[in-house]
Amino acid sequence: MASFLLIVQSTFTLKILLLILAGSLFGMIVGAIPGLNTTLAVAIAIPITFYLEPVEALALLSAVYKNGIYGGSISAVLLGVPGTPAAACTVRDGYAMAKKGQAKKALDAALYASVFADVVGNTILILTASWLAQFALKFGPSENTLLVVFALVVVSLVGSSSLLKGLLASIIGLSLAMLGMDPMTGSPRFTFGNINMLSGVTLIPTLVGMFALSEIFVEYSNFCHAKAEGKSVDVPQDKKSRLSLKEFFSYWRTLIRSSLIGVFIGALPGSGPSTASFISYSMAQRSSKHPEEFGEGSVEGICASEAANNGVCGAAYIPLLTLGIPGDTITAIMYGALVLQGITPGPLVFTQQGDMITGLYVTLFICSIFMLVLGKILCRTLTNVLNVPKGILFPVIMIICFAGSYSMNNTMYDVLVMIIAGVLGYIYKRIDMPIAPTLIGFILGSQMERSLLQSLIKSENNLSIFVGSPIAIAFVIIIVLMVGSNFWKLMKAKKQK
Amino acid sequence: MEKKDRIKLKGLVTVPGIAVGLAIAAVYLVLTLLIPSQVRMTQGHLTNARLYPYFVCICAMLLALGFALTFRKNEFTFDLGIWPMVLASLMLYFGTKTLGFYTSSVIVIAYMMLMWNNRCWWKILLTSILTPVSIYLAFTVGMRIFMPTGILI
Numbered sequence: 000m001a002s003f004l005l006i007v008q009s010t011f012t013l014k015i016l017l018l019i020l021a022g023s024l025f026g027m028i029v030g031a032i033p034g035l036n037t038t039l040a041v042a043i044a045i046p047i048t049f050y051l052e053p054v055e056a057l058a059l060l061s062a063v064y065k066n067g068i069y070g071g072s073i074s075a076v077l078l079g080v081p082g083t084p085a086a087a088c089t090v091r092d093g094y095a096m097a098k099k100g101q102a103k104k105a106l107d108a109a110l111y112a113s114v115f116a117d118v119v120g121n122t123i124l125i126l127t128a129s130w131l132a133q134f135a136l137k138f139g140p141s142e143n144t145l146l147v148v149f150a151l152v153v154v155s156l157v158g159s160s161s162l163l164k165g166l167l168a169s170i171i172g173l174s175l176a177m178l179g180m181d182p183m184t185g186s187p188r189f190t191f192g193n194i195n196m197l198s199g200v201t202l203i204p205t206l207v208g209m210f211a212l213s214e215i216f217v218e219y220s221n222f223c224h225a226k227a228e229g230k231s232v233d234v235p236q237d238k239k240s241r242l243s244l245k246e247f248f249s250y251w252r253t254l255i256r257s258s259l260i261g262v263f264i265g266a267l268p269g270s271g272p273s274t275a276s277f278i279s280y281s282m283a284q285r286s287s288k289h290p291e292e293f294g295e296g297s298v299e300g301i302c303a304s305e306a307a308n309n310g311v312c313g314a315a316y317i318p319l320l321t322l323g324i325p326g327d328t329i330t331a332i333m334y335g336a337l338v339l340q341g342i343t344p345g346p347l348v349f350t351q352q353g354d355m356i357t358g359l360y361v362t363l364f365i366c367s368i369f370m371l372v373l374g375k376i377l378c379r380t381l382t383n384v385l386n387v388p389k390g391i392l393f394p395v396i397m398i399i400c401f402a403g404s405y406s407m408n409n410t411m412y413d414v415l416v417m418i419i420a421g422v423l424g425y426i427y428k429r430i431d432m433p434i435a436p437t438l439i440g441f442i443l444g445s446q447m448e449r450s451l452l453q454s455l456i457k458s459e460n461n462l463s464i465f466v467g468s469p470i471a472i473a474f475v476i477i478i479v480l481m482v483g484s485n486f487w488k489l490m491k492a493k494k495q496k
Numbered sequence: 000m001e002k003k004d005r006i007k008l009k010g011l012v013t014v015p016g017i018a019v020g021l022a023i024a025a026v027y028l029v030l031t032l033l034i035p036s037q038v039r040m041t042q043g044h045l046t047n048a049r050l051y052p053y054f055v056c057i058c059a060m061l062l063a064l065g066f067a068l069t070f071r072k073n074e075f076t077f078d079l080g081i082w083p084m085v086l087a088s089l090m091l092y093f094g095t096k097t098l099g100f101y102t103s104s105v106i107v108i109a110y111m112m113l114m115w116n117n118r119c120w121w122k123i124l125l126t127s128i129l130t131p132v133s134i135y136l137a138f139t140v141g142m143r144i145f146m147p148t149g150i151l152i
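Order-wise, the sequence lines are chains D and B. By numbering that gives the first Met the number 0, the letter at position 383 of the first sequence is numbered 382, and the numbering carries on one by one without gaps. By numbering that gives the first Met the number 0, the letter at position 9 of the second sequence is numbered 8, and the numbering carries on one by one without gaps.
Rendered as structure tokens:
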């Protein structure tokens, strides 16, 4: 106990607090800008860690990571553009609320849910890290394949008027992920001789194009129609719209369930915040007393998606620290930062570097406090963005999106991808096809292909591997039940007509 | 409605759902036919490299045909009147390659604001200058990300 208190005391230094403050602010701002993302923010922060002690380095990177994930929800609510892929689900209800003049309330919901899940995730990390890591080890290639299929089915059902449209959108996402190089053989695939296509379609420009650029096209179309009818497209924001803590905690079931989903998904290597937020959103919609409000501006919907994607943050450290396996790109960068500090993540890190791990735990909670304070301050000012007329706002957004897309790889190819994705996103919106399944399919496509092929190689092309373990069987049953219940509802609705 | 504010609503195109579905199916049919030339066959593996692409493309084709069948009576409206915005994005793309990012963004912002019926010249000037300056400060100075330059800046 005495040594624990000493570690806590040594963590509460001015230097660490300033690093967390700077990291939180930087992460939140970068996460909020469409086109930039948390991975970029963490990568930029890495060189600064060269001059820091291990706990200080982890404090800075954790602050950037967690606040970057939350920052994505700010542009999701205000502009309808997810700042990070994880916030794609938040767009549905957050932007809908902003259009009704309730942007502040939506931002409050996103902030409180993120902080809540952050604290839950940190707590579970401390209490159950090794147990969760052992469970995560039971996920083999077949389980990973079924997890991806499950995520795609869930995403197809969420917010889509038709499962068929959702599945088609998912498959389009999977096919986009096929472009570039074969992950098993390394051969070029569907590159059509274009050297730029070797790296495939870049995620962030596609995301920015499909959400931001397409929204500009749609809003311009609405503007032309509104102008012809003598109406205005600018929606004044209700300055008094706030989320009370009483209303927030009335969704405690959703918050706890979503946080746990985020922790579970975060503990699995390869699965990220995007998957967690959609699965959580779907479950919240199914169990909500007002499922019809989801997609139209539901506070519960925002809480579900944000709690899940921030719940992932703490849990992402579990495979990293306990097994030395980075769960996603960001934790892979953190793995590199730890190695630079002379620390090798793995089972021995808890015994050999116990003080550092305890210090990390303390800094994670401090990051949550800073997220809450900074989020409240920033949101108050950022809501004023919506008072800017669209005729000024959207040209600025286009330029920022252009700059953000270019900054990924410093090539104009990514900008072209963004423009094409923008046109594709516009077509999606006109045929009422959901964009999110395409995005999730794109993100999980390469993981699905690798896992599927590994499963088939392992089983020598025997498909029974997909029902060969309790986890796999559970996934199959859940998927069949979800699809079956959707068809049953459709048949029931047709009979009633 | 004043003459200068009148915006003609042209360019609304209605496409039947069956056409949309068949178009998507056609794209995936072409991709399926291109697999032998675009995906190299591998030797010595239990599963071949074309299995997954065939699986995805055929599933997509079937789903697209299902879409065409299910939504054959639906009609989807596309507003071709968005062409100024598409043009703006293409102007930015090609303008950046020749004139440089900062110069072309000034031109594109001014053009877009005019398309959104802004007639206040000082707002147009202020926005089109402040935005590239802010991006320069945030990206180039702050994050050392250098935007493309052209014959101007």
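Quick reminder that beta carbons are idealized off the backbone N, C-alpha and C, glycines included.
Selection from the options that minimises the alpha carbon distance to residue i
i: D:SER257; options: D:SER155, D:LYS245, D:ILE301, D:LEU244; result: D:ILE301
i: D:ILE68; options: D:SER276, D:MET177, D:PHE401, D:LEU438; result: D:SER276
i: B:ILE57; options: B:MET90, B:ILE34, B:TYR92, B:PHE75; result: B:ILE34
i: D:ASP354; options: D:ALA307, D:PRO53, D:LEU16, D:ALA44; result: D:PRO53
i: D:ILE368; options: D:ILE19, D:VAL147, D:LEU359, D:THR12; result: D:ILE19
i: D:ALA108; options: D:GLN495, D:ASN121, D:ILE125, D:VAL90; result: D:VAL90
i: D:PRO140; options: D:GLN446, D:GLN495, D:MET27; result: D:GLN446
i: B:THR76; options: B:ILE144, B:MET142, B:VAL12, B:ARG143; result: B:VAL12
i: B:GLY99; options: B:ILE123, B:THR69, B:MET146, B:LEU79; result: B:MET146
i: D:SER198; options: D:PRO182, D:ILE439, D:PRO272; result: D:PRO182
i: D:ALA307; options: D:MET27, D:CYS88, D:LEU16; result: D:CYS88
i: B:MET60; options: B:GLY10, B:LYS122, B:ILE150, B:VAL26; result: B:VAL26
i: D:SER281; options: D:ILE47, D:SER23, D:ASP92; result: D:ASP92
i: D:ALA40; options: D:VAL200, D:ALA314, D:GLY403; result: D:GLY403
i: D:THR253; options: D:THR12, D:GLN284, D:ILE398; result: D:GLN284
i: D:ILE396; options: D:GLY26, D:LEU78, D:ILE15; result: D:LEU78
i: B:TYR198; options: B:LEU68, B:GLY149, B:VAL19, B:VAL29; result: Nothing can be reported for residue 198 of chain B, as the shown portion of chain B is limited to 0 through 152.
Own chain residues within Cβ distance below 6 Å of residue i, not counting five before or after
i: B:ASP4; result: Its pLDDT being 46, under 50, B:ASP4 is placed unreliably in this model, and the coordinates cannot settle the point.
i: D:ALA31; result: GLY70, ILE73, SER74, GLY82
i: B:THR95; result: SER103, PRO147
i: D:ILE123; result: VAL262
Distance cut-off 7 Å: residue i Cβ against heavy atoms of the ligand MN
i: B:ALA22; result: Absence of the ligand MN is noted for the structure shown, with no ligands found whatsoever.
Cβ of residue i within 8 Å of any chain B Cβ
i: D:TYR405; result: yes
i: D:MET481; result: no
i: D:PHE401; result: yes
i: D:THR184; result: yes
i: D:GLU292; result: no
i: D:TYR427; result: no
i: D:ASP413; result: no
i: D:TYR64; result: no
i: D:GLY390; result: yes
i: D:PHE115; result: no
i: D:PRO433; result: no
Own chain, CB closer than 8 Å to residue i, minus 5 neighbours either side, in chain order
i: B:ASN73; result: PRO15, GLY16
i: D:PHE134; result: ALA266
i: D:ARG241; result: LYS103, LYS104, ASP107
Within-8 Å CB hit, residue i to chain D
i: B:GLU1; result: Reliability fails at B:GLU1, whose pLDDT of 48 lies under 50, so the model's placement of it is uncertain and the value that follows must be treated cautiously. No, B:GLU1 lies away from the interface with chain D (no Cβ there is under 8 Å from its Cβ).
i: B:ILE144; result: yes
i: B:THR97; result: no
i: B:MET84; result: yes
i: B:TYR53; result: no
i: B:GLY65; result: yes
i: B:VAL38; result: yes
i: B:PRO15; result: no
i: B:TRP115; result: yes
i: B:LEU150; result: A quick correction: the sequence has Ile, not Leu, at residue 150 of chain B. Not closer than 8 Å to any Cβ of chain D, the Cβ of B:ILE150 fails to qualify, so no.
i: B:LYS72; result: no
8 Å contact criterion, which residue i and residue j should meet: CB distance rounded
i: D:PHE189; j: B:GLN37; result: 5 Å
i: D:LEU373; j: D:SER61; result: That pair is no contact at about 14 Å.
i: D:GLY208; j: D:GLY421; result: 4 Å
i: D:ASN66; j: D:MET370; result: 5 Å
i: D:LYS389; j: D:GLU218; result: 6 Å
i: D:ILE45; j: D:ALA336; result: 6 Å
**Report entry** Proximal residues, the stretch 136–160 of chain D versus chain C, C-beta separation under 7 Å
**Finding:** As a matter of chain content, chain C is missing from the structure shown, whose protein chains are D and B.
Query raised in the report: Do the stretch 103–115 of chain B and the stretch 444–458 of chain D touch if we need at least three Cβ pairs shorter than 8 Å?
Result: Verdict: no, contact absent.
Query raised in the report: Is there contact here, the stretch 329–344 of chain D with the stretch 137–151 of chain D, by at least three beta-carbon pairs under 8 Å?
Result: no
Query raised in the report: Should the stretch 169–183 of chain D be called in touch with the stretch 48–55 of chain B, which here means at least 3 C-beta pairs below 8 Å?
Result: yes
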